[in-house]
């Protein structure tokens, strides 16, 4: 409070001051919730239908065939139970990639709503954090529905599967941060399809989602270890099968890799959004 | 010293500079904006108006110089200052995925207003912006003028001390512009301080109590529209258009007819106290322009005088 404040009209005193970082991010989150309200039903429906179709076709259909020909191929668990956590982590990755691509373009380039936010007491950090928080929320929602569907279909072997929700959030955010940061540097989404084709699809296919990476040629296996998705898949699988505590060190390593990626990705995203907004 | 504080300008800039790498967008400008006035930055595209506005809006840090807004420092109190400003950017930044009313409500939330208060103000502002009938319509199909009005309404949701408008009517048709000017005039009547940029001289004349003329990153003149015209131009102008090819051959034939003569690519401007007299004198000299238009001097003439160029190329 300076000496001059007293001379201003009282209206100013009654105004809310600058928000805390958390409040500011919460308002950005709220904006996304407003946008989502309209797409809510369709999106929720899709979140049910997609895993159901995939788990039925591949887990039950293809899985029935796999189980009949080589019953011991997946360490005694059914193919459906092997596949479900892989699909969950993969779905989280894809969801996160979408959520961190077009909404970021929309905010910075297309409709410039991030710029509109920054014209208010909301700062660039809150814009970025609120955006990531929304992505986390969407991931949690998608994962919860996925796990419910998987449970109904008998694809879940352990109640620990409920922890698949935060794991899916982490797996997704490990991609959303870096992807959001990259898209924030772009004027057009042109590179998106190349990223999806050459990075996301191969990761989705070869990160232990559909088959163990041990089936890959041994030269390729270390590459799978570099895949963030593989760490997410392994962690999720340990939870839904209930085998996670068999090798806790391994689980901690997976978790640490994901957390590190989330941290680095988020920091990058915040930094680039700030550079773009406060030039 | 409280007495001095009250008379302090709302916005105070000295030597304000913005550089992007080696390019200087704003070069050591000085200006003050007082409470309740409508202050304009007039200049062509690329003059540094938008960069100046972004520094005032606390979304772009200055490279050097002093800037005080509402007696606060943008560098350390950006969020507090932004909470007291309303910003109408050059490009609309409305969320087209939301309805007209939702755009206002969510924006109010950014200023920390309760949902109920946001709703109350949104309805009031929709009335003011003459958009009540479109409240539940999506933003996307609205006309350019409606979007602009919605953007202004949105900028008012926090009842700002200062409204910053960057080229508020660029790209709008005349009818939409007049409607917008009317709304801005009403705001001015209510005591809202307006700071705007424009490259339209009629807009500056209509809205601004005082303005600075910017060219190539610098302020080249300052005053009220009337003062600037009096200082840098004559009362009237006779505009003469000659048949194609004739203007190039005139060569001294107009000399002495007016206080000052400007040769534009398509016409000649003769500045004088009495434009009709100039036109008559030209006729006596046997000059036969295709058209002669005698008009009052405008800020366009001021700009031409100061920079040798037109405002809108």
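Protein chains in written order, with the working numbering: chain A, 1393 to 1671; chain B, 1380 to 1692.
Cβ coordinates follow ideal geometry from the N, Cα and C atoms, glycine included.
These figures come from a predicted structure and were not determined experimentally.
*Out of curiosity, what's the CA-to-CA distance linking residue 1680 of chain B and residue 1669 of chain B?*
As a working mapping, residue 1680 of chain B is identified with position 301 in the second chain. As a working mapping, residue 1669 of chain B is identified with position 290 in the second chain. Approximately 22 Å between the Cα atoms of the pair.
_Strand pairing of residue 1671 of chain B, partner residues [DSSP]_ = Mapped onto the second chain, residue 1671 of chain B falls at position 292. BP columns for residue 1671 of chain B point to B:1619.
*chain B contact residues for residue 1509 of chain A, given Cβ-Cβ distances below 7 Å*: Here residue 1509 of chain A refers to the residue found at position 117 of the first chain. By Cβ distance, chain B contributes 1489.
_In the DSSP assignment, the alpha helix (DSSP H) including residue 1606 of chain B goes from what residue to what residue?_
On the second chain, residue 1606 of chain B is found 227 positions in, with the first residue counted as 1. Residue range 1604 to 1611 is occupied by the alpha helix (DSSP H) that includes residue 1606 of chain B.
*Would you say residue 1458 of chain B reaches chain D, if we count a Cβ-Cβ gap shorter than 8 Å as a contact?*
Considering every chain present, this structure includes no chain D. Its protein chains are A and B.
*Hey, does residue 1524 of chain A have any beta-carbon neighbour from chain B nearer than 8 Å?*
On the first chain, residue 1524 of chain A is found 132 positions in, with the first residue counted as 1. At a cut-off of 8 Å, the C-beta of residue 1524 of chain A has no neighbouring C-beta in chain B.
*asked:* If you measure between the beta carbons of residue 1617 of chain B and residue 1651 of chain B, is that distance less than 8 Å?
replied: Within the second chain, the letter at position 238 stands for residue 1617 of chain B. Within the second chain, the letter at position 272 stands for residue 1651 of chain B. By the CB criterion at 8 Å, residue 1617 of chain B and residue 1651 of chain B fall inside the cutoff.
*Once you ignore the five residues that flank residue 1599 of chain A on each side, which residues in its own chain have a CB closer than 7 Å to its CB?*
Along the first chain, read from residue 1 onward, the residue named residue 1599 of chain A stands at position 207. So the list reads 1616, 1619, 1621, 1622, 1625, once near-sequence residues are dropped.
*asked:* Quick check on residue 1632 of chain B: buried or exposed, where buried means 16 or more other Cβ atoms within 10 Å of its Cβ?
replied: Numbered from 1 along the second chain, position 253 holds the residue referred to as residue 1632 of chain B. Exposed: under 16 other Cβ atoms inside 10 Å.
_What does the Cβ neighbour count give for residue 1568 of chain B, buried or exposed, with the cut at 16 atoms within 10 Å?_
Residue numbering aside, residue 1568 of chain B sits at position 189 when the second chain is read from its first letter. Result: exposed.
*Which first and last residues belong to the beta strand (DSSP E) in which residue 1397 of chain B is found?*
Here the question's residue 1397 of chain B lines up with position 18 in the second chain. 1390 to 1399 is the extent of the beta strand (DSSP E) around residue 1397 of chain B.
*Determine, using beta-carbon pairs with one atom in the region 1437 to 1452 of chain B and one in the region 1610 to 1628 of chain B, whether at least three such pairs fall under 8 Å.*
Cβ pair count under 8 Å is below three, so no.
_Quick check on this structure: which residue in B:1424, B:1550, B:1393, B:1474 has the alpha carbon closest to the alpha carbon of residue 1434 of chain B?_
Taking the first residue of the second chain as 1, we reach residue 1434 of chain B at position 55. For residue 1434 of chain B, the nearest C-alpha among the options comes from B:1393.
*Is there contact here, the region 1465 to 1482 of chain A with the region 1636 to 1655 of chain A, by at least three beta-carbon pairs under 8 Å?*
No: fewer than three Cβ pairs fall under 8 Å.
*Answer with buried or exposed for residue 1486 of chain A, where buried requires no fewer than 16 other C-beta atoms within 10 angstroms of its C-beta.*
Along the first chain, one-based indexing puts residue 1486 of chain A at 94. Buried, since its Cβ has 16 or more Cβ neighbours within 10 Å.
_residue 1511 of chain B versus B:1576, B:1520, B:1501, residue with shortest Cα-Cα distance_ = Here residue 1511 of chain B refers to the residue found at position 132 of the second chain. The option with the nearest alpha carbon to residue 1511 of chain B is B:1501.
_Along the region 1419 to 1435 of chain A, where does the CB come closer than 8 Å to a CB of chain B? Name the residues._
1419, 1422, 1423, 1426, 1427, 1430
*With a cut-off of 8 Å, does the C-beta of residue 1620 of chain B fall near any C-beta of chain A?*
Counting from 1 along the second chain, the entry for residue 1620 of chain B is found at position 241. Not an interface residue.
*State the start and end residues of the unbroken alpha helix (DSSP H) segment that holds residue 1576 of chain B.*
Walking along the second chain from the start, residue 1576 of chain B turns up at place 197. Looking at the DSSP string, residue 1576 of chain B is not in any alpha helix (DSSP H); the run it does join, the beta strand (DSSP E), is 1572 to 1577.
*Return the bridge partner residues of residue 1641 of chain B from the DSSP annotation.*
Walking along the second chain from the start, residue 1641 of chain B turns up at place 262. For residue 1641 of chain B, which the question treats as bridged, DSSP gives the partners B:1648.
*Under the rule that 16 or more other beta-carbon atoms within 10 Å means buried, what is residue 1470 of chain B, buried or exposed?*
By one-based count along the second chain, residue 1470 of chain B stands at place 91. Burial call: exposed.
*Under a three-way DSSP split, which group does residue 1487 of chain B fall into?*
Position 108 of the second chain, counted from the start, is the residue given in the question as residue 1487 of chain B. In this structure, residue 1487 of chain B counts as helix in the three-state DSSP scheme.
*Could you check what DSSP says for residue 1561 of chain B in three-state terms: helix, strand or coil?*
Translated into the one-based positions of the second chain, residue 1561 of chain B becomes position 182. Residue 1561 of chain B falls in the helix class under three-state DSSP.
_Can you find the residues in the same chain that come closer than 8 Å, C-beta to C-beta, to residue 1382 of chain B, ignoring five residues on each side of it along the sequence?_
For this step, residue 1382 of chain B is matched to residue 3 along the second chain. Low local confidence applies: a pLDDT of 42 at residue 1382 of chain B is under 50, so the model's placement there is unreliable, and no value is given.
*Could you list the residues in the region 1484 to 1516 of chain A with a C-beta less than 7 Å from some C-beta on chain B, going in chain order?*
1503, 1504, 1505, 1507, 1508, 1509, 1510, 1511, 1512, 1513, 1514, 1515
*Give a yes or no on whether the C-beta atoms belonging to residue 1628 of chain A and residue 1572 of chain A are separated by under 8 Å.*
Translated into positions along the first chain, residue 1628 of chain A becomes position 236. Translated into positions along the first chain, residue 1572 of chain A becomes position 180. Taking C-beta atoms as the reference points, residue 1628 of chain A and residue 1572 of chain A fail to come closer than 8 Å.
*Close Cβ partners of residue 1687 of chain B (< 7 Å) along its chain, the five nearest in sequence each way excluded*: For the purposes of this step, residue 1687 of chain B is taken as residue 308 along the second chain, with counting starting at 1. The beta carbon of residue 1687 of chain B sits closer than 7 Å to none of the beta carbons in its chain outside the five residues before and after it.
*asked:* Quick check: is the beta carbon of residue 1530 of chain A nearer than 8 Å to any beta carbon in chain B?
replied: The sequence position of residue 1530 of chain A within the first chain is 138, counting from 1. It does not: the Cβ of residue 1530 of chain A has no partner Cβ on chain B nearer than 8 Å.
*Let me know the secondary structure DSSP gives residue 1384 of chain B once reduced to three states.*
Taking the first residue of the second chain as 1, we reach residue 1384 of chain B at position 5. The pLDDT assigned to residue 1384 of chain B is 46, lower than 50, so where the model puts this residue is not dependable, and the model offers no usable value.
*Taking only beta-carbon positions, decide if residue 1393 of chain A is within less than 8 Å of chain B.*
Looking up residue 1393 of chain A in the first chain gives position 1. Any reading at residue 1393 of chain A needs caution, since the residue's pLDDT is 38, under 50, leaving its predicted position unreliable; the model's value is listed next. No, because no Cβ of chain B sits closer than 8 Å to the Cβ of residue 1393 of chain A.
*Identify which residue in B:1495, B:1415, B:1442, B:1490 has its Cα closest to the Cα of residue 1419 of chain A.*
Position 27 of the first chain, counted from the start, is the residue given in the question as residue 1419 of chain A. For residue 1419 of chain A, the nearest C-alpha among the options comes from B:1490.
*Go ahead and pull the three-state DSSP assignment for residue 1680 of chain B.*
In the second chain, counting from the first residue as 1, residue 1680 of chain B sits at position 301. Residue 1680 of chain B falls in the helix class under three-state DSSP.
*asked:* Does the CB of residue 1628 of chain B have a neighbour CB from chain A at under 8 Å?
replied: Translated into positions along the second chain, residue 1628 of chain B becomes position 249. Answer no: the Cβ-Cβ gap between residue 1628 of chain B and chain A never drops below 8 Å.
*asked:* For residue 1655 of chain A, count the other beta carbons within 10 Å of its own beta carbon; 16 or more makes it buried, fewer makes it exposed. Which is it?
replied: Counting from one through the first chain, the residue named residue 1655 of chain A turns up at place 263. Exposed is the call here.
*Close beta carbons around residue 1662 of chain A, own chain, < 6 Å, minus the five adjacent residues each side*: Here residue 1662 of chain A is taken as the residue at index 270 of the first chain, counted from 1. So the qualifying residues of the chain are 1517, 1520.
*Taking DSSP as the reference, what is the three-state secondary structure of residue 1443 of chain B?*
Here the question's residue 1443 of chain B lines up with position 64 in the second chain. It is a strand residue.
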